[in-house]
Amino acid sequence: MRSRQDLLSALVVAGIGVGSLSSALVSPADALAQPSTPAAGSPSSSSSVPDEVRALVPLAAQELQRGSEILFKGRGAGRFDEASTMLTAAIDRLSPYGDVLDADGRAVLARALDYRAQCRFLKGQEAEAEADFVLLVAAEPSYSPDPTNTSRKILERFQKIQTARVAYVTIQADPQEMEIIWNGRRLGSSLPPDLPVIAGPYVLKAKRDCFGPVEIDGTLGPGEKRIVPVRLDPVARGIRFETRPAGFDVELDGTIVGRTARTEAAQPGEAQEPPGALVVSCVAAGEHRYVLRRDCFEEAKGTVSVEIDFVDRSPIAFPRISPVRQEVFLTVESDVPGSLVRVEGAPIGTVPVKDFGLCPGRRSVEVRSGPRLVFKEAIEFKGSGKVRIAANRRPLLRAYVVDRAERHGREALDATAAARIRERVRSLRGFNVDEARDDQLTTDSKAIAESLGGQGGGGGDGSGADLALLVGRTETERGPGVRLSLITPIGQVETRDCSEEDGPCVEAFFAGLQGPWPATELQSGLSVVPSVSRPGLRVVSARAGATGAGVKTGDLIVEADGRKVEIQSDLIAALDAAVGDVVPVTIERGGSRVEVKLPVRWAPRIAPPGSAPVPVARILATASYEISILPPGEARNAALLNLASVLIGRGEYRRALDLALERSGWADGVAGAAAAGSGRYLAGRCYESLDDSERALAAYRKASEDAIATFWEPDGLPVAPLARVKALSLSPAAR
Amino acid sequence: MERGNSLRFVPVALLAITAIAAQDPGEALYRVGRQLLAEGKIESALKKFDEGIAAAPQGPFADDALLAAATIDYPATALGDLGRVPAERIERARPRLIKITTDYRGSDSAPAATYRLGLVRMDPSNPHADLDEAFATFLQVARLYPQAPEAAESMYAAGECHRLQGSLAASAGDDAIVVLEHGSSAAEPRSRLRLAETSAILGETTLARLLLAPLTGREVPASASGAKALSRRASALDALVVRSESDRPDAPGTRQFDVAVPPSANALKVGAIAADAEGDLWILDDSTGKVMKAAGGTGALEVLTSPAAEDARGIVLSHGGGPYLWEDRAVVFPDGRRFEPLGSADEEEEAEPLKRIAGLAPGPLGAIDVLDAGGNRVLRYGRDGALKRVVATLEARPAALASWAGTLLVLVPTRREIVIVPPGGSPAIRSIPLRGAGWSVESPVAITTDSLGRIYVLDDSLGTVHVLDREGKRVASIAPAKGSPGEFRSPTALAVDGAGMVYVADKRQARVLRFR
């Protein structure tokens with residue numbers, strides 16, 4: 027399709043100046059020289075032109091150009107037939123669409139008829155020429171031939187025909203902007219006085235948004251001039267919302283209709299932001315609900331009643347609304363010093379972050395130590411005030427739920443079962459959960475295990491998960507079910523098949539996953555068991571710390587940190603979030619409720635190698651994770667020892683050495699079970715089992731030098747003398 | 013697959029057997045075997061087990077059947093059971109156990125079978141017994157099946173192998189594994205006690221006392237006799253360690269007279285005495301040849317019906333606590349059986365009865381070492397009474413024999429020395445002289461040891477008990493002044509209990525004097 031500029035060029039080449047064309051096309055709204063942009067609220071007259079018709083106009087314009095060239099070159103040369111043929115082609119192309127043509131199209135059609143009439147006059151075919159002028163006036167009543175290119179005689183003939191067929195109307199519009207359709211032809215929204223129209227019966231239709239349409243009919247005699255008043259009555263009204271500050275989204279009846287824009291420039295030194303306003307035009311009469319929203323501000327909402335005022339049509343001015351600013355002051359602490367905190371992906375500082383201002387809403391809080399994820403959670407911040415997050419290290423659990431196609435022997439779950447599992451995974455506490463897509467499952471569980479964090483003694487790539495959960499479909503005796511596998515760095519540790527009907531089976535798996543993690547177990551001084559008679563945890567023993575806080579044996583703990591507790595892991599979750607602090611606990615005692623503040627401290631705890639009740643997977647995952655993120659010190663030593671203990675318990679001496687005992691970064695000067703001497707002792711134990719007496723002896727001797735190392739609970743036996751005994755047992759004399 | 017060593021009665025309906033048989037003949041035969049076993053039809057049961065194994069050698073119950081069959085022949089499950097099964101039954105059980113450990117290594121019967129095989133290889137009744145092999149087998153259990161319940165028992169047994177070989181430190185290493193890594197096992201208290209003892213022997217007395225603390229402080233229910241005895245032994249050992257630390261070589265007064273048993277003099281004719289680890293005193297009444305026991309060392313004397321020997325010359329306690337007596341030519345077992353050892357180790361010569369037995373040392377696995385004063389030898393006899401070997405030959409006439417941790421100590425008065433015979437036997441024999449700077453033993457008549465390996469020598473001419481360390485260095489002495497309540501008038505025998513209490517039998521006073 028040729029552009030409007032192409033068409034102008036064509037007319038210029040044909041010797042028709044833009045100026046002459048403009049004067050010929052008297053419709054000011056549609057003149058080529060004036061963009062035919064309609065007023066707001068009125069559709070463009072050209073916008074209703076079908077595309078196939080619009081495509082004809084450039085072709086007709088070319089034919090007009092060719093015809094006019096032949097006509098003007100051939101003047102006196104007798105080439106009128108040739109020009110007439112070309113012009114007829116243009117006329118035939120456009121005349122069937124006379125009522126729907128836009129201004130450009132009408133201009134081309136009118137000029138083609140004008141030139142063909144002149145050809146016919148010059149050839150002496152006066153009747154045909156006059157017929158063309160009749161058609162021309164019908165197509166464009168306001169058309170005026172170019173007097174410079176048209177002979178006076180022909181001009182007079184035209185004017186005579188035009189005068190006999192044209193009347194003149196002046197439309198007095200109220201309001202001024204409205205769309206006028208005259209006998210089915212769009213005239214636009216802003217019309218000049220004495221607009222030429224075809225005389226005879228007419229139907230005028232007028233319309234405008236927010237106003238009721240009108241239709242007027244009548245008859246005009248040739249040459250008659252008539253004033254036609256057109257008045258539209260309003261049926262809706264605008265509303266002006268003003269807020270301080272600007273920038274509020276305005277929602278009307280559930281639809282966002284705009285945002286309040288600044289009405290004043292910000293003043294230098296002025297703390298308060300400038301106000302803003304939004305005019306919502308054309309709101310129908312009646313009650314409307316509105317809501318004003320902006321991040322960090324209280325939501326403002328209410329109803330507005332729109333009544334039509336036929337006199338005052340200005341928008342309803344709503345009183346200025348100044349919602350209260352809301353801000354949450356976020357404090358983030360972590361047991362991994364130096365970790366970077368990000369909120370919604372943007373860094374806000376390293377821990378501890380204190381009183382970082384934050385707008386309410388659901389925000390993703392992420393804490394990383396280098397590339398390692400320490401903590402990640404989407405947290406709902408509500409209202410104003412201070413919020414404190416203990417972003418303590420948690421293992422990263424990568425969950426693969428196979429739900430599309432079989433992968434590495436795991437059949438796909440159906441959508442319902444997969445959704446149920448995902449829901450349960452998301453509700454896991456104590457982990458940073460990474461939901462992987464099953465198409466990321468490019469390898470089997472053994473390879474997954476090897477990719478988990480801490481593998482190979484170097485901590486992997488530093489960003490891997492600590493353990494993985496692999497869930498797929500299986501067949502059980504009771505029908506289809508799910509196979510849940512927990513994978514740790516030493517392989518698939520726990521697998522459970524549960525039928526789809528057996529919810530408790532799945533729940534038991536996840537509950538086991540969520541139990542206490544010995545390496546990070548918190549010391550509250552409380553031993554509790556779930557009460558059999560009422561929801562809550564019964565205190566079976568309370569030691570120092572807990573007793574100091576006022577907890578007594580026999581108490582029923584019903585809430586911790588504002589949440590109900592029913593099983594141990596509920597309490598552990600509350601303690602986990604309050605290491606080094608206190609956790610508010612609600613106790614029922616003798617029919618009344620007592621609130622106590624339970625202090626929580628962290629103590630590294632080392633599991634003896636092979637200790638039967640130790641949950642292997644948890645220690646392994648936690649320890650390997652902690653090793654990768656903790657700086658040298660007591661906690662890291664403890665994690666190293668826990669990892670070694672698990673591996674030794676499984677008879678994996680070489681890996682215990684590689685992953686833990688011979689790893690660098692053991693902190694010296696740590697007393698107790700986490701002392702380096704304990705590690706040397708276990709190293710000796712491993713070498714001894716690997717029949718490497720020389721290294722074992724060296725390790726035991728080294729351990730015997732650590733005077734402050736003790737073994738794990740419960741005895742706390744000193745390492746040094748036992749290491750001396752072991753060294754003696756390996757000495758050649760003893761053998 | 014079934015788990016467990018004991019053969020329990022399993023009520024199985026015949027219909028059920030038939031139904032199972034339709035699916036797995038191995039399992040069905042195994043269950044029938046169990047049923048027959050419960051009914052006491054041993055040979056029939058054995059046959060069914062063998063049929064079951066043959067019918068389904070790869071079946072899930074083949075290992076269970078093998079273990080059940082092996083258990084019929086070799087029911088021993090603990091060190092205390094060793095030496096009780098005849099060699100031919102051991103020979104029948106052994107290949108079955110080996111088959112489980114080789115062909116069914118991954119089965120749930122394997123840990124128990126491997127442990128049992130270790131016992132077989134350690135068993136003195138087994139003609140092929142070998143402590144090194146036994147140790148290796150026990151170690152295999154601990155390494156292959158670290159989570160199995162048998163792992164701790166195996167390490168404990170491995171420690172016992174080391175002890176029998178005289179490797180105390182190595183035994184301590186084994187015990188440390190049990191204590192530190194199998195804290196909740198049944199073997200842990202035993203290992204802990206043994207480790208404490210070894211630590212004290214090796215000079216780690218602080219460690220020893222820390223190890224003992226949970227055992228001595230443990231509240232033991234009256235019904236748990238084994239645990240109670242262990243707790244008493246632990247308390248005694250703790251007291252011994254304390255005593256050993258307070259002993260001073262040049263301060264004889266550190267050991268005080270405590271009490272006389274019986275309190276009044278001339279109440280009985282004391283022949284010989286012995287004291288056990290738990291503090292009980294055993295007295296051989298010379299006039300009746302019967303044995304009396306004073307619980308706790310000072311309680312009322314209880315006369316035992318067995319053993320008894322009119323001509324008994326001495327008394328010694330076995331590892332289990334039962335008294336052995338000996339006469340010039342015979343040994344009387346705790347159950348009253350008499351045994352007259354034959355004396356020649358030379359296969360060419362005809363064996364003759366010993367003529368003068370001067371001492372006896374029962375070994376932990378049922379073997380007995382006999383001091384032949386007539387032939388200046390120490391001879392070792394098996395539980396069956398057969399002479400196993402000559403442990404040591406002496407250059408002069410010996411007078412007394414004591415033992416400690418497999419080491420024999422022979423008193424040779426004429427040379428005023430004690431010959432030390434380590435577990436390994438003759439090549440490492442050495443002697444320690446009974447004299448030192450500022451002290452000497454003039455007339456040694458009796459020797460004994462405490463559980464730390466310290467040597468006690470009774471000198472009747474000086475009226476002194478010398479306490480020597482394992483190298484013969486004097487570390488303490490008991491020399492009651494004349495006229496004092498504990499004075500020696502005619503001391504003839506000596507004993508030390510588990511707590512280090514020293515008992516001296518005084519013939520003239522006809523009572524036993526106890527020193528704390």
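First to last, the protein sequences are chains A and B. At position 302 of the first sequence (counting the first as 1) the number is 328 in this note's numbering, and the numbers step up by one without a gap. At position 179 of the second sequence (counting the first as 1) the number is 191 in this note's numbering, and the numbers step up by one without a gap. Heads up, the beta-carbon is just placed ideally off N, CA and C, and yes, glycines get one too.
Three-pair Cβ contact test at 8 Å for the segment 497 to 510 of chain B versus the segment 452 to 465 of chain B: yes
Just to confirm before moving on: does the CB-CB distance between A665/A and I653/A stay below 8 Å? yes
Residues bridged to P227/A (per DSSP): T245/A
So Q47/B is in the alpha helix (DSSP H); what residue range does that whole segment cover? P37 to A50
Using a Cβ-Cβ cutoff of less than 6 Å, which residues in the same chain neighbour A511/B once the five nearest sequence positions on both sides are dropped? A248, A251, L252 and G291
Beta-carbon separation of D158/A and L139/A under 8 Å? yes
Roughly how far, in whole angstroms, is the beta-carbon of A572/A from the beta-carbon of K623/A, given that I think they are within contact range, below 8 Å? For A572/A against K623/A, the beta-carbon gap comes to about 11 Å, at or over 8 Å, which does not count as contact.
Interface flag, G675/A vs chain B, CB-CB below 8 Å: yes
Comparing the C-beta of P226/B with each C-beta of chain A, is any distance below 8 Å? yes
Pull out every residue of the segment 461 to 495 of chain B whose Cβ sits closer than 8 Å to any Cβ of chain E, in chain order. The chain inventory of the structure shown lacks chain E, comprising the protein chains A and B.
Does chain B have any CB closer than 8 Å to the CB of L748/A? Yes, L748/A counts as interfacial toward chain B.
Step through the CB atoms of chain B and report whether any lies within less than 8 Å of the CB of F382/A. no
What are the uninterrupted segments assigned as alpha helix (DSSP H) that are 4 or more residues long and contained completely in the segment 149 to 183 of chain A, given in chain order? 152 to 165
Go to S166/B, then tell me how far its alpha helix (DSSP H) extends in each direction, as first and last residue. E162 to L176
Do you know offhand how far A116/A's Cα is from Q144/A's? 15 Å
What first and last residue would you give for the beta strand (DSSP E) that runs through V358/A? V354 to E359
With a threshold of 8 Å between beta carbons, is D741/A in contact with chain B? yes
Using only alpha-carbon positions, find the residue among Q70/B, P107/B and D187/B that is nearest to A749/A. D187/B
Within chain B, partners of K752/A - CB distance below 9 Å: A181, A184, G185 and A188
Can at least three beta-carbon pairs, one atom from the segment 423 to 433 of chain A and one from the segment 493 to 500 of chain A, be found at a separation below 8 Å? yes
So, is G332/B buried or exposed, given that buried needs 16 or more other C-beta atoms within 10 angstroms? Counting Cβ neighbours within 10 Å, G332/B comes out exposed, since fewer than 16 surround it.
Return the CA-CA distance between W416/B and L464/B, expressed in angstroms with no decimal places. 8 Å
Here's the rule: buried if 16 or more other CB atoms are within 10 angstroms of the residue's CB, otherwise exposed. What is P76/A? exposed
Should A379/B and P136/B be called a contact, given that it needs their Cβ atoms to be closer than 8 Å? Yes. Within cutoff.
Under 8 Å by Cβ, that's how I've got F323/A and P349/A pegged, so tell me the actual separation to the nearest angstrom. 4 Å
Please report whether the beta-carbon of S203/B lies at a distance below 8 Å from any beta-carbon of chain A. no
Measure the beta-carbon distance from P271/A to G302/A and round it to whole angstroms, keeping in mind my assumption that it falls under 8 Å. 7 Å
Taking a contact to mean a Cβ-Cβ separation below 8 Å, would you say A702/A touches A693/A in this structure? yes
Need the endpoints of the alpha helix (DSSP H) that A148/B sits in, please. L143 to L156
What residue from S511/A, R689/A and E403/A has the CA that sits closest to A416/A's CA? Nearest of S511/A, R689/A and E403/A to A416/A, Cα basis: E403/A.
Where G280/A and V330/A are concerned, what is the direct C-alpha to C-alpha distance, given to the nearest angstrom? The alpha-carbon atoms of G280/A and V330/A are separated by roughly 14 Å.
Is A545/A close to chain B? Criterion is C-beta to C-beta, closer than 8 Å. Confidence at A545/A is low in this model, with a pLDDT of 34, below 50, so the placement of that residue should be treated as unreliable; the coordinate-derived value is given next. Not an interface residue.
Write down every uninterrupted run of the beta strand (DSSP E) in the segment 420 to 463 of chain A whose length is 3 residues or greater and which is fully enclosed by it, in chain order. 422 to 427 and 458 to 462
For the segment 97 to 107 of chain B against the segment 66 to 74 of chain B, do three or more pairs of beta-carbon atoms, one drawn from each stretch, fall closer than 8 Å, so that the two count as touching? At 8 Å Cβ cutoff, the stretches do not touch.
Kindly confirm or deny that the segment 181 to 197 of chain A and the segment 246 to 263 of chain A touch, where touching means at least three C-beta pairs closer than 8 Å. yes
Compute the Euclidean distance between the alpha carbons of F147/B and V608/A, then round it to the nearest angstrom. 53 Å
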